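Just below is one structure, and these are the notes that go with it.
Numbering (my numbering), first residue to last: 1 to 407.
Right under this line is the structure:
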């Protein structure tokens with residue numbers, strides 16, 4: 001893949017992620033200024049609405065892109081966002097139009113799945129895990145940077161004017177994709193495309209690979225657990241800081257909230273350089289789950305501020321190792337020219353994880369207290385880690401016995 005093509009895909013994904021992730025934290029301001037709804041309970045519903053609809057629509061769009069091409073999916077996602085933002089820009093007091101735009105954003109968006117499917121179609125297995133880390137890096141960078149930029153813009157312009165700017169930059173992204181991202185190859189002209197990739201159903205070349213390479217459904221479950229367990233701690237971390245440490249400085253609150261993501265952004269490219277065998281990845285992922293469980297639990301019970309900082313750094317390291325190993329396991333799949341379907345479902349699963357995490361965080365905080373989301377997350381992570389250990393040990397026994405019987 002040409003560097004210019006890769007740069008264009010990642011840049012456009014970053015723009016789309018920045019637009020969607022950056023504007024969402026300001027829904028309460030938008031509802032207040034433009035629709036005269038202050039302190040509205042609609043904020044939480046509207047926050048998860050696009051995510052919920054993307055979770056529903058992603059597998060469908062993935063199948064469509066497999067039948068047509070992956071470039072069309074990239075264009076659809078960018079133009080869908082541009083249209084939805086433009087509707088808000090002209091909504092001016094019509095709440096129904098604002099809600100319609102969020103529905104379109106969810107149904108027509110899905111830039112992460114579209115970008116990953118395109119990269120998987122046009123790259124080899126040896127490159128794919130690094131490319132998946134790039135799109136994840138892009139999303140994390142947008143998560144940190146975009147709210148700052150959009151917050152600055154909202155201080156200068158009206159929220160509807162900001163939406164017009166978002167519509168403009170996502171439309172420019174679509175133009176970049178149209179002119180600078182080549183169409184992925186036709187299936188009938190690309191018969192040997194996937195010859196170097198491993199499928200969950202193919203016979204591994206070694207007993208170690210047979211034991212430790214996880215099937216697709218396990219990777220979907222792993223993705224759900226990992227995303228759920230990180231997101232569930234987000235909504236009430238700042239509330240936890242204020243309650244347990246009496247921290248009220250916006251700067252300190254923001255820095256501590258973003259610290260794990262900063263660790264990820266700083267360390268991802270250094271850590272992914274270390275080469276491990278595919279068979280080692282499930283064990284690294286299991287270790288990341290345990291490390292993440294440890295850090296989340298102790299964050300809600302510690303009384304030392306310095307200890308909390310260390311635990312946030314540990315959380316960032318666990319997230320980094322978890323995503324690297326998960327992406328390496330995904331890269332071992334033989335996609336069989338169904339990249340859209342595979343990454344559509346992976347994106348859908350991660351979105352469902354986010355929706356479930358938000359709902360459970362809210363209910364657990366309401367009925368069980370401020371530490372409940374962190375304890376629930378730790379508990380689920382430990383169950384997942386030990387379940388994976390049992391699965392791998394059981395598979396080791398079964399496969400080893402089968403190999404010895406054949407020999």
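We treat Cβ as the ideally placed atom computed from N, Cα and C, and that holds for glycine. In this text the structure is predicted, and so the values were computed from the model without any measurement.
> So is residue 3 buried or exposed if we call it buried at 16+ other beta carbons inside 10 Å?
Replying inline: exposed
> Which of the three DSSP states, helix, strand or coil, is assigned to residue 183?
Replying inline: coil
> Can you tell which of 10, 245, 224 and 25 has its C-alpha closest to the C-alpha of residue 132?
Replying inline: 10
> Would you call the CB atoms of residue 149 and residue 240 closer than 7 angstroms?
Replying inline: no
>> By alpha-carbon positions, which one of 113, 59, 136 and 45 ends up nearest to residue 102?
In response: 45
>> Counting C-beta neighbours from all protein chains within 10 Å, is the total for residue 91 16 or more, i.e. buried, or is it exposed?
In response: buried
>> Considering Cα atoms alone, identify which of 395, 29 and 298 is closest to residue 160.
In response: 29
> Closest by CA to residue 73, which one among 105, 36, 51 and 115?
Replying inline: 115
> Comparing alpha-carbon positions, which option in 324, 352 and 373 lies nearest residue 361?
Replying inline: 373
> Can you round the beta-carbon distance between residue 389 and residue 286 to whole angstroms, since I take them to be within the 8 angstroms contact cut?
Replying inline: 6 angstroms
> Out of curiosity, what's the CA-to-CA distance linking residue 6 and residue 106?
Replying inline: 25 angstroms
> If you drop the 5 nearest sequence neighbours on each side, which residues of the same chain put their C-beta closer than 7 angstroms to that of residue 258?
Replying inline: 144
>> Below 8 angstroms on the Cβ atoms is my contact criterion, and I expect residue 122 with residue 354 to pass it. Report the Cβ-Cβ distance as a whole number of Å.
In response: In fact, because the Cβ distance is near 28 angstroms, the residues do not count as touching under 8 angstroms.
> Along the chain, where does the alpha helix (DSSP H) that runs through residue 320 open and close?
Replying inline: 305-331
> With 16 other CB atoms within 10 Å as the buried threshold, where does residue 242 fall?
Replying inline: exposed
> Taking the alpha-carbon positions, what's the residue 191 to residue 183 distance?
Replying inline: Low local confidence applies: a pLDDT of 39 at residue 191 is under 50, so the model's placement there is unreliable, with the coordinate-based value given in what follows. Going from the Cα of residue 191 to the Cα of residue 183 covers about 16 angstroms.
> Considering only residues of the same chain and omitting the five flanking positions on each side of residue 153, which have a CB-CB separation below 6 angstroms?
Replying inline: 162
>> Less than 7 angstroms between the beta carbons of residue 377 and residue 229, yes or no?
In response: yes
>> Within a Cβ cutoff of 6 angstroms, which residues of the same chain sit near residue 119, ignoring the five residues on either side of it in sequence?
In response: 131
>> Taking 8 angstroms as the cut-off, does the stretch 317-330 touch the stretch 264-281 (at least 3 CB pairs, one atom from each stretch)?
In response: yes
> Cα separation between residue 168 and residue 85?
Replying inline: 9 angstroms
>> Once the 5 residues before and after residue 82 are set aside, which same chain residues still bring their CB inside 6 angstroms of it?
In response: 167, 170 and 171
> Any idea what DSSP makes of residue 5, helix, strand or coil?
Replying inline: helix
> What's the gap between the Cα of residue 327 and the Cα of residue 220?
Replying inline: 12 angstroms
>> So, at 8 angstroms on beta carbons, what are the nonlocal neighbours of residue 290 in its own chain, with the 5 sequence-adjacent residues on each side left out?
In response: 381, 382 and 385
> Given a threshold of 16 other Cβ atoms within 10 Å of its Cβ, counted over all protein chains shown, does residue 397 qualify as buried or as exposed?
Replying inline: exposed
> residue 96 to residue 87, Cα distance in whole Å?
Replying inline: 11 angstroms
> Rounded to the nearest angstrom, how far is the Cβ of residue 80 from that of residue 109, given a contact under 8 angstroms?
Replying inline: 6 angstroms
> Near residue 53, which residues of its chain fall below 7 angstroms by C-beta distance, leaving aside the five closest residues on each side in sequence?
Replying inline: 103, 106 and 107
> What's the C-alpha gap between residue 267 and residue 256?
Replying inline: 17 angstroms
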